[in-house]
Amino acid sequence: MWLLPQTLVALLGVAPVSALPKTCHAPELPLPLRQIYQFPSFPTYLESIYVRSNGDLLAVTAFPDASLYYLTGVTNANDPDDPPTVTLIRAFDEVNTLTSIIETQPDIFTIVAGNTSTYATVIPGTFGVWELDLRPTKNNSKQPPQAREIVRIAGGGFMTGMDTISPTTVLVSDASHGLVWRVDLTTGAYDLAIQVPDMHYPPWASAPVGIDDINIHNGYLYWSNAFAATLSRIRLTDDGYAAAGAESELVAEVRSIFLDKFTFGGGNADGRYDRETIWAMTNADSRVLAITPEGEILTVAGQSDQMTVAGSTTGAFGKVKGDTKTLYVLTGGGFNFPINGSMVEPGKIVAIDTEAFW
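Following this line, the structure appears as structure tokens:
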């Protein structure tokens, strides 16, 4: 997620302090990483990533336009003679912001999209859920992918995160209103799934952005609250609502002025915990964090004065053999919060080797 620089400047110095226990062991940090690809022009703000089963990447932009890119050959990115191939799959002229992408059925993707005047300033009635069909044609002809809007959420706000309940049902986070929508992809019907106080933006937030990313994991809905810089969870029913009597639980407080998207992977080899390590992007101070099952919070890549992962937004793990411990991280290039006050760059994709956490 990106916000205007003046929005974040107002928040300097406001950061919750983690009170979670620390372990006495840690891998050597920062973790090794390599750049996969950097887009040629600034600004290019990368917002969401999906790793396909064949190892290819899909990445969407939230600024300056709503575009979907396809990257092949990413596991060969260390070879200068065999760089990844980057293809613009579709420019969404109907909207100007894409915030989330996920595969709901084989080669069929669901995307959250809408219009903003400035980022997080939503044009009312424009955000909703789209379908993108990347299935090959019968004769493998070079036809453009088919996209259609499934539904717009009337009264919805800035929708930022998404996860699947089933191949035909998704949950979508609404950062403006501090809640989660449940959307039927077949009928377009939607209703309120979950709304708890911990999803709302805090009093000190200078923009109405609360719940950001969401992930369903081991029967819980996890979410980040952007300006509170917290991760929380609540027990879910199988059909995507809060379980009877369930209350939100604080998972972690992060020392940051902003917390963006996150994913799960590694760090629970013996099965002692109900979750794996959480990998979270801080965006405004350009870091990637590992939050272990024991509650330890480690900076594994980047710093506020470095361009390593400038404006880190989101991440996802590889899926092919030999790549499952690679965390692919997208960036916005420091667009909202320039490094050292002036340094920016086009968005890029970085691969972090997380072997030490498995």
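As numbered in mature numbering (1 follows the signal peptide of the UniProt record, and there is no 0), residues -19 to -1, 1 to 339 make up the sequence shown, in order. Just so it is clear, CB atoms sit at the ideal spot from N, CA and C, and this is done for glycine as well.
Between R163 and A156, the gap from beta carbon to beta carbon reaches 8 Å or more. In the three-state reduction of the DSSP assignment, F243 falls in the strand class.
A Cβ-Cβ separation of about 12 Å leaves I192 out of contact with D144 under the 8 Å criterion. Taking all protein chains shown into account, N321 has fewer than 16 neighbouring C-beta atoms within 10 Å of its C-beta and is therefore exposed. Here T168 is exposed: its Cβ has fewer than 16 other Cβ atoms, across all protein chains shown, within 10 Å. About 6 Å separates the Cβ atoms of W260 and G296, confirming a contact at the 8 Å cut-off. Sequence-distant partners of D219 (beyond 5 residues in either direction) whose C-beta falls short of 7 Å from its own C-beta are missing from its chain. Non-local beta-carbon contacts of R268 in its own chain, meaning distances under 6 Å to residues more than five positions away in sequence, involve T280 and G283 in chain order. Within its own chain, the residues whose Cβ lies closer than 6 Å to the Cβ of Y203, once the five positions on either side in sequence are excluded, are N196 and R214, listed in chain order. In this structure, the beta-carbon distance from L217 to G200 falls below 8 Å.
In terms of Cα proximity to A291, the closest of L10, Y26, P8 and V67 is Y26.
When T66, E257, M180 and I70 are compared, the shortest CA-CA separation from L231 is found for M180.
For the beta strand (DSSP E) assignment, the uninterrupted runs of no fewer than 3 residues enclosed by the region 215 to 267 are, from N- to C-terminal side, 230 to 234, 243 to 245 and 259 to 262. Rounded to the nearest whole angstrom, the C-alpha separation of Y309 and I330 is 7 Å.
Separation of D60 and Y254 (C-alpha to C-alpha, rounded to the nearest whole angstrom) is 38 Å. With fewer than 16 other CB atoms across the displayed protein chains lying within 10 angstroms of its CB, R129 is exposed. P8 and D304 have their C-alpha atoms spaced approximately 19 Å apart. Taking T107 as the centre and dropping the five residues before and after it, the same chain places the C-beta of G95 and N96 closer than 6 Å to its C-beta, in chain order. When C-alpha distances from A265 are compared across G246, G276 and S293, the shortest belongs to S293. DSSP places V290 in the coil class of the three-state scheme, outside both helix and strand. The three-state reading of DSSP puts D194 in strand, counting E and B together. For F239, same chain residues with a beta-carbon under 7 Å away, outside a window of 5 residues either side, are L(-12), A207, F208, A210, T263, N264 and A265 in chain order. Check the Cα spacing between K306 and each of V103, V76 and D334: the tightest is with D334. Put simply, of D88, I92, E228 and F73 the residue whose alpha carbon is nearest the alpha carbon of I82 is I92. Contact annotation, L49 with R71: C-beta distance approximately 5 Å; criterion of less than 8 Å satisfied.
The continuous beta strand (DSSP E) containing K329 extends over residues K329 to D334. Of all alpha-carbon atoms in S29, D46 and L12, the one lying nearest the alpha-carbon of A40 is that of S29. At least 8 Å separates the beta-carbon of I89 from that of G109. Following the DSSP letters along the chain, one finds E28 inside the beta strand (DSSP E) bounded by residues Y26 to V32. Apart from the 5 residues on each side of it in sequence, Y182 sits with its Cβ closer than 8 Å to the Cβ of A156, G159, A188, P189, V190, G191, N206, A207, F208 and A209 in its chain, given in chain order.
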